[in-house]
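K.L.:
For reference, the structure I am asking about is given below.
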Amino acid sequence: GSNGFHCTATEVEAPGHGASLLEGMNQMRQKRFLCDLTIATKTKSFEVHKLVLASCSEYFHRLLQRDPQLHRVELHDVAPLGLATTITYAYTGKLSLSLYTIGSTIAAATQLQVPPLLNMCSEFLMREMAVESCVYITNIAATFGLSQVEDAARKFIRENFLEFSNTEQFMKLPFDQINELLMDDGLQIPSEVAAFQIAVKWLEFDPKRVRYAADLLSNIRFGTISAPDLVNHVQPVPRMMQDPQCHKLLVDAMNYHLLPHQQNSLQSRRTRIRGGQRVLVTVGGRPALTEKALSRDISYRDAEGNWHKLTEMPAKSFNQCVVVMDGFIYIAGGEDQNDARNQAKHAVSSLNRYDPRFNTWLHLASMQHRRSHFSLSACHGLLYAVGGRNAEGPLASVECYVPTTNSWQSKAGLETPRCCHATTVTYVLGGSQVGPQGERVDVMPVECYSPLTGQWSYMAPLPTGVSTAGVALLEGRLCLVGGWNESGKRYQKCVQCYNPDLNEWAEDKDLPEATVGVSCCTITLPRPLSSGSRASSVASAAAS
């Protein structure tokens, strides 16, 4: 302007204005100055300002929208303490909460529709979660439909079940609640024997609970309790021998252990471990260092991406196949010695089954053909061994393992012999082929077969080409592990993960060392695993 400076508007803010405004209004409320609404409960009345209540309560907002001249509201079904806390919150944004009084606050906040207050109550309940209070908090959450708190309480009880089972509150649980807990797959306990003993303790607390015995104990995973523990800890409990239904649970579990090659058809909820961790597992392989022997190791990767030794195979092996069926790891074929000329002359036909629940091995009927570099798939309770090679060359044969008879049957073969391929569900990844100059080159394209259309399609290509790599599906992603890279002529320790939803590959944490001929699977392992490797036992099932 003519005075030599520009007239521009600048917005400035008083930081504490909102808080001081609320403080002033709260003082006015306490002095009953300009209050224009009376809220009455059965025993107490409160003088408030319509403006404040309507601004934070959806209930009052709608009520006053319909009748702005309203001067009195009767709320006889709201507790005075809960209403007082809600009004204090409306004027100050602050709360004084305790587990003993929070029920009335939640009831008032629910009826008066004050979502931020309900959120504060929910957060308070989750912070106060403890073994002594978790049942009380669960019941409050269920009463008022606080699903987030209910989920948190269930998770807390699952993770602290052993400690919780020693409380007075646990012993007073109604049947429905303890039954739901013992049904939970995620219940974390040191052993299933402990779950059984806790159930028996609850039953014996009140003689009237005897009528629940069979139903409650049917939730115990007796099939995951070892035979010696069944004899030493379950059988001596009188009810397990005297009650016909309970006795049948014990007999079924003993039969399960007595018939190992029938276990596939006997699998049920009572043979499945609970509280387990889903992990990526590697089996065998040949390390990059030539002076190192073939590996017998079975390793797993924990949730943090660190690798640990789980156990050892009965024999060293690489280029074998691994598949999971009915909770067991099946390991078939492979080579038990290094072959300098890479002609698969040391291919084997063995089949072994590993049980992660008991850390035991079972020798099963051998395949009809020695196989290396083949694929093994599980389908409808049967195993299919496809292709591969041995000292006689590439194989087109296909055979099928039937667990109930512990035997292999020949099936229609491939049109073309094939080896060194990795398959998982409908994906074909990696491998090598002869290039234009006669040299071996990595196959980078990834193909996927759709059973719906009967067509093959190309997916995102591999970042790093590999042959004789392991592959498994974990949490919706394909994990391609280790292998031989033709272009660099070297062993790989990379873990390449494919996301089908994004059609993208990403690098994950590497293997401890570069390895070829490694096999992979995913399996649920018991928690917690003992540190270090677990010494395993080996048994044999006679071929029929």
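Under our numbering, the first residue of the sequence shown is numbered 386, with each subsequent residue one higher. Positions of the beta carbon are idealized from the N, C-alpha and C atoms, including for glycine.
Whole angstroms are fine: how far does the CA of residue 574 sit from the CA of residue 810?
P.N.:
Low per-residue confidence applies at residue 810: pLDDT is 49, beneath 50, and the placement is therefore not dependable enough to give any value.
K.L.:
Mapping DSSP to helix, strand and coil, what is residue 854?
P.N.:
Correct three-state label for residue 854: coil.
K.L.:
Quick one: residues in its chain with C-beta nearer than 7 Å to the C-beta of residue 538, no 5 flanking neighbours on either side, listed in chain order?
P.N.:
Answer for residue 538: 514, 519, 522, 523, 526, listed in chain order.
K.L.:
In terms of alpha-carbon separation, which member of 722, 605, 472, 453 lies closest to residue 659?
P.N.:
Ranking the options by Cα distance to residue 659, first place goes to 605.
K.L.:
Residue range of the beta strand (DSSP E) that residue 694 falls in?
P.N.:
Taken as a continuous stretch (DSSP letters only), the beta strand (DSSP E) holding residue 694 covers 692-697.
K.L.:
Between the beta-carbon of residue 907 and the beta-carbon of residue 665, is there less than 7 Å?
P.N.:
Yes, Cβ-Cβ distance for residue 907 and residue 665 is below 7 Å.
K.L.:
Based on DSSP bridge pairs, tell me the residues matched to residue 834.
P.N.:
Answer is 841, bridged to residue 834.
K.L.:
Could you check how far apart the C-beta atoms of residue 881 and residue 890 are, in whole angstroms? I think they sit under 8 Å.
P.N.:
Yes, residue 881 and residue 890 are in contact; Cβ-Cβ is about 6 Å, under 8 Å.
K.L.:
Assuming the contact rule is C-beta atoms closer than 8 Å, residue 773 and residue 783 should be a hit. Round their C-beta distance to whole Å, please.
P.N.:
Incorrect: roughly 10 Å between the Cβ atoms, too far for contact.
K.L.:
State the Cα-Cα distance for the pair residue 613 and residue 719, rounded to the nearest angstrom.
P.N.:
Taking the straight line joining both Cα atoms gives about 34 Å.
K.L.:
How would you call residue 392, buried or exposed, if buried means at least 16 neighbouring beta carbons within 10 angstroms?
P.N.:
Its Cβ having fewer than 16 others within 10 Å, residue 392 is exposed.
K.L.:
What residue does the alpha helix (DSSP H) around residue 751 start on, and which one ends it?
P.N.:
No alpha helix (DSSP H) holds residue 751; DSSP gives it neither H nor E.
K.L.:
Of the residues 459, 682, 624, 609, which one's Cα is nearest the Cα of residue 648?
P.N.:
With distances taken between Cα atoms, residue 648 lies closest to 609.
K.L.:
Just mark residue 644 as buried or exposed, buried being the case when its beta carbon has 16 or more other beta carbons within 10 Å.
P.N.:
Exposed is the call here.
K.L.:
Quick check: the Cα distance between residue 626 and residue 859, rounded to an integer number of angstroms?
P.N.:
If you take the alpha carbons of residue 626 and residue 859, they lie about 42 Å apart.
K.L.:
I believe residue 460 touches residue 425 by the beta-carbon criterion, under 8 Å. Please report the beta-carbon distance rounded to the nearest angstrom.
P.N.:
Confirmed, about 7 Å.
K.L.:
Considering Cα atoms alone, identify which of 740, 582, 600 is closest to residue 562.
P.N.:
Taking only the C-alpha atoms, the option nearest residue 562 is 600.
K.L.:
Taking the C-alpha atoms as reference points, what is the distance between residue 791 and residue 646?
P.N.:
So the two alpha carbons sit approximately 7 Å from each other.
K.L.:
Taking DSSP as the reference, what is the three-state secondary structure of residue 710?
P.N.:
It is a strand residue.
K.L.:
At 3 residues or longer, what runs of the beta strand (DSSP E) sit wholly inside the stretch 413-495?
P.N.:
Runs found: 422-425, 430-433, 457-459.
K.L.:
Within the same chain, show all residues whose beta-carbon is closer than 7 Å to that of residue 427, passing over the 5 residues directly before and after it, in chain order.
P.N.:
Result list for residue 427: 461, in chain order.
K.L.:
Determine whether the beta carbon atoms of residue 607 and residue 638 lie at a separation below 7 Å.
P.N.:
Their beta carbons are under 7 Å apart, which means residue 607 touches residue 638 by this criterion.
K.L.:
Specify, as a first and last residue, the run of the alpha helix (DSSP H) that residue 604 falls within.
P.N.:
Careful: residue 604 lies outside any alpha helix (DSSP H) and carries neither H nor E.
K.L.:
Please state the DSSP three-state secondary structure of residue 908.
P.N.:
Three-state DSSP puts residue 908 in a strand.
K.L.:
Just grab the DSSP bridge partners of residue 901 for me.
P.N.:
According to DSSP, which records beta bridges pairwise, residue 901 is partnered with 671.
K.L.:
Alpha carbon to alpha carbon, what distance is there between residue 597 and residue 589?
P.N.:
One C-alpha to the other measures close to 11 Å.
K.L.:
Helix, strand or coil: how does DSSP classify residue 613 here?
P.N.:
It is helical.
K.L.:
Do residue 896 and residue 865 have their CB atoms nearer than 7 Å?
P.N.:
No, they are not a contact pair.
K.L.:
Look at the alpha carbon of residue 724 and the alpha carbon of residue 701, and state the distance between them as a whole number of angstroms.
P.N.:
For residue 724 and residue 701, the distance between alpha carbons rounds to 14 Å.
K.L.:
Is it buried or exposed, residue 372, if we count other Cβ atoms within 10 angstroms and call 16 or more buried?
P.N.:
What the structure shows of the chain is the stretch from 386 to 929, and residue 372 is not part of that stretch, so it cannot be assessed.
K.L.:
Which of the three DSSP states is assigned to residue 621 in this structure?
P.N.:
DSSP places residue 621 in coil when its eight states are reduced to three.
K.L.:
Keeping to the same chain, check which residues put their C-beta closer than 7 Å to that of residue 488; ignore five residues upstream and five downstream.
P.N.:
Excluding residues within five positions, the ones whose Cβ falls inside 7 Å are 525.
K.L.:
Using the rule of at least 16 other Cβ atoms within 10 Å of the residue's Cβ for burial, across every protein chain shown, is residue 678 buried or exposed?
P.N.:
Counting Cβ neighbours within 10 Å, residue 678 comes out exposed, since fewer than 16 surround it.
K.L.:
Run through DSSP, which three-state label would residue 648 get?
P.N.:
It is helical.
K.L.:
If residue 531 sits next to residue 442, beta carbons under 8 Å apart, how far is it from one beta carbon to the other, in whole angstroms?
P.N.:
Not quite, the Cβ-Cβ distance comes to about 19 Å (not below 8 Å), so this is no contact.
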